[in-house]
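A.B. asks:
Numbering (my numbering), first residue to last: 21 to 348.
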């Protein structure tokens, strides 16, 4: 492992100052960063410990929820308000990793884990995320788990977070602090598609720190869920996942819907086309399937993952049908 310095920040302003040093990285639970350091994929010159900078989960006056970036995934998944008002988030976190990892992982760290695949870890493979301009061996290699939406010739890796898929569907907002002050942005704008620079994974400015994630008051989120389809029952990235919330009117038409996909793109994929296709339509399996077809119309599968297109359509349809079946 490459030598590095370590410092613990007393507040967000101090963290931003220390995080501005060349080669500095913020350290939360370390469940992704430390692994990458062991593999020498990441080689920071200094680590800034931010685990003490806000782990509260606070109910807002407007009915929303503010979750500190240092909140552990276990605490978020088990929080009563999360389980009752935003069950998709709780279920996504529980689907994401082992209990030991959830106990260590933080909210902010989960948001910033690297988008990656097996070629990313392999020093003998070409990977534009590791070495910009090197090429991408996954494009012509074994690409069963890779992207079918929003990919580019430079990178076909998929974003690994389950939690982020739920947050994308729930209209989450990320609060940030940097050298220029504070700002907030929708979670769907935090992560980038690969384009020609897949090594640039987020829209964060240098040294900018995630301080909290806000879930807006969204009554329909109480009827939300998350489903993850994977190769094995535990500790595996999604082949396809779906986070959904559905509001059905008394006459059986879809009044509103939130839908996001995981395992299909370089970032959590908000299924805006499917949402648009569903609003005002009857809440039937045929409508759900038609919306899924609309969302996957531009899918571009690779040699080994064409099955993901149909799998995504079926999972979207099944999850929405499940929410309709639960309707009182």
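The beta carbon of each residue, even a glycine, is placed where N, CA and C say it ideally should be.
Grouping DSSP H, G and I as helix and E and B as strand, with all else coil, what is residue 301?
C.D. replies: One-based indexing of the chain shown puts residue 301 at position 281. DSSP places residue 301 in coil when its eight states are reduced to three.
A.B. asks: What residue range is occupied by the uninterrupted beta strand (DSSP E) comprising residue 197?
C.D. replies: As a position in the chain shown, residue 197 is number 177, starting the count at 1. From DSSP, the beta strand (DSSP E) with residue 197 extends over 193-198.
A.B. asks: Residue 260: which of 221, 25, 316, 160 sits nearest, CA to CA?
C.D. replies: Residue mapping note: residue 260 aligns to position 240 of the chain shown, counting from 1. Looking at the Cα atoms, 316 is the closest of the given residues.
A.B. asks: Taking all protein chains shown into account, decide if residue 80 is buried (16 or more other Cβ within 10 angstroms of its Cβ) or exposed.
C.D. replies: Residue mapping note: residue 80 aligns to position 60 of the chain shown, counting from 1. With fewer than 16 other Cβ atoms within 10 Å, it is exposed.
A.B. asks: Closest to residue 328 by CA distance: which of 128, 167, 70, 69 is it?
C.D. replies: By 1-based counting over the chain shown, the position of residue 328 is 308. Of the listed residues, the one whose Cα sits closest to residue 328 is 167.
A.B. asks: Can you tell me the Cα-Cα spacing of residue 76 and residue 104, whole angstroms?
C.D. replies: The residue you call residue 76 lines up with position 56 of the chain shown. The residue you call residue 104 lines up with position 84 of the chain shown. Cα to Cα, the separation comes out at about 18 Å.
A.B. asks: I need the DSSP call for residue 115, collapsed to helix, strand or coil.
C.D. replies: Here the question's residue 115 lines up with position 95 in the chain shown. If DSSP states are grouped into helix, strand and coil, residue 115 belongs with the helices.
A.B. asks: Near residue 324, what residues of its chain come up, given a Cβ to Cβ distance below 7 Å and the 5 sequence neighbours on each side ignored?
C.D. replies: To locate residue 324, count along the chain shown from 1; it is residue 304. So the list reads 162, 163, 164, once near-sequence residues are dropped.
A.B. asks: Assign residue 255 to one of two classes, buried (16 or more other C-beta atoms within 10 Å of its C-beta) or exposed (fewer than that).
C.D. replies: Here residue 255 refers to the residue found at position 235 of the chain shown. By the 10 Å Cβ count, residue 255 comes out exposed.
A.B. asks: If you measure between the beta carbons of residue 235 and residue 262, is that distance less than 9 Å?
C.D. replies: Locating residue 235 in the chain shown gives position 215, where the first residue counts as 1. Locating residue 262 in the chain shown gives position 242, where the first residue counts as 1. It is not a contact, given that the beta carbons lie outside the stated cut-off.
A.B. asks: Look up residue 203 in the DSSP assignment and give the residues it is bridged to.
C.D. replies: Reading the chain shown from its first residue, position 183 is the one you call residue 203. Its beta-bridge partners are 196.
A.B. asks: Following the continuous beta strand (DSSP E) through residue 230, name the residue where it begins and the one where it ends.
C.D. replies: For this step, residue 230 is matched to residue 210 along the chain shown. That run of the beta strand (DSSP E) goes 229-235.
A.B. asks: Quick check on the DSSP output: the alpha helix (DSSP H) that includes residue 62 runs from which residue to which?
C.D. replies: For the purposes of this step, residue 62 is identified with residue 42 of the chain shown, where counting begins at 1. No alpha helix (DSSP H) holds residue 62; DSSP gives it neither H nor E.
A.B. asks: Can you grab the Cα-Cα spacing for the pair residue 90 / residue 271, in whole Å?
C.D. replies: As a working mapping, residue 90 is identified with position 70 in the chain shown. As a working mapping, residue 271 is identified with position 251 in the chain shown. Roughly 43 Å separates the two Cα atoms.
A.B. asks: Going by C-alpha distance, which of 187, 225, 169, 183 is nearest residue 196?
C.D. replies: Translated into the one-based positions of the chain shown, residue 196 becomes position 176. Among 187, 225, 169, 183, the Cα nearest to that of residue 196 is on 225.
A.B. asks: Do residue 31 and residue 73 have their C-beta atoms closer together than 9 Å?
C.D. replies: Reading the chain shown from its first residue, position 11 is the one you call residue 31. Reading the chain shown from its first residue, position 53 is the one you call residue 73. Contact flag set, yes.
A.B. asks: Compare the C-alpha of residue 269 against each of 217, 301, 251 and name the closest.
C.D. replies: Counted from its first residue, the chain shown places residue 269 at position 249. For residue 269, the nearest C-alpha among the options comes from 301.
A.B. asks: Quick test of your reading: residue 171 and residue 214, contact by CB under 8 Å. State the CB separation rounded to the nearest angstrom.
C.D. replies: As a working note, residue 171 is residue 151 in the chain shown. As a working note, residue 214 is residue 194 in the chain shown. Residue 171 to residue 214, Cβ: 6 Å. Contact.
A.B. asks: Alpha carbon to alpha carbon, what distance is there between residue 237 and residue 86?
C.D. replies: Taking the first residue of the chain shown as position 1, residue 86 is located at position 66. Taking the first residue of the chain shown as position 1, residue 237 is located at position 217. Going from the Cα of residue 86 to the Cα of residue 237 covers about 11 Å.
A.B. asks: Decide if the segment 109-117 is in contact with the segment 133-142; the criterion is three or more beta carbon pairs, one per stretch, under 8 Å apart.
C.D. replies: With the cut-off at 8 Å, the segment 109-117 and the segment 133-142 do not touch.
A.B. asks: Check the DSSP bridge columns for residue 88 and list the partner residues they point to.
C.D. replies: The residue labelled residue 88 in the question sits at position 68 within the chain shown. Per DSSP, 232.
A.B. asks: Start and end of the alpha helix (DSSP H) containing residue 140?
C.D. replies: Position 120 of the chain shown, counted from the start, is the residue given in the question as residue 140. 138-141 is the extent of the alpha helix (DSSP H) around residue 140.
A.B. asks: By alpha-carbon positions, which one of 313, 233, 310 ends up nearest to residue 207?
C.D. replies: Reading the chain shown from its first residue, position 187 is the one you call residue 207. With distances taken between Cα atoms, residue 207 lies closest to 233.
A.B. asks: Can you tell me which residues form a DSSP beta bridge with residue 287?
C.D. replies: As a working note, residue 287 is residue 267 in the chain shown. Looking at the DSSP assignment, residue 287 forms no beta bridge with any residue, so it has no partner.
A.B. asks: Pull up the distance between the alpha-carbon of residue 97 and that of residue 264, whole angstroms please.
C.D. replies: What you label residue 97 is simply residue 77 of the chain shown in a count that begins at 1. What you label residue 264 is simply residue 244 of the chain shown in a count that begins at 1. Straight-line Cα distance between these residues: approximately 17 Å.
A.B. asks: From this set, 283, 281, 266, which residue's C-alpha is nearest residue 275's C-alpha?
C.D. replies: Sequence index remark: in the chain shown, residue 275 carries index 255 (1-based). The shortest C-alpha separation from residue 275 is found at 266.
A.B. asks: What residues in its chain sit with their C-beta under 8 Å from that of residue 38, if we drop five residues either side in the sequence?
C.D. replies: As a working note, residue 38 is residue 18 in the chain shown. Contacts found: 27, 29, 44, 66, 68.
A.B. asks: I believe residue 281 touches residue 186 by the beta-carbon criterion, under 8 Å. Please report the beta-carbon distance rounded to the nearest angstrom.
C.D. replies: As a working mapping, residue 281 is identified with position 261 in the chain shown. As a working mapping, residue 186 is identified with position 166 in the chain shown. Actually they do not touch by this definition, with Cβ atoms about 11 Å apart.
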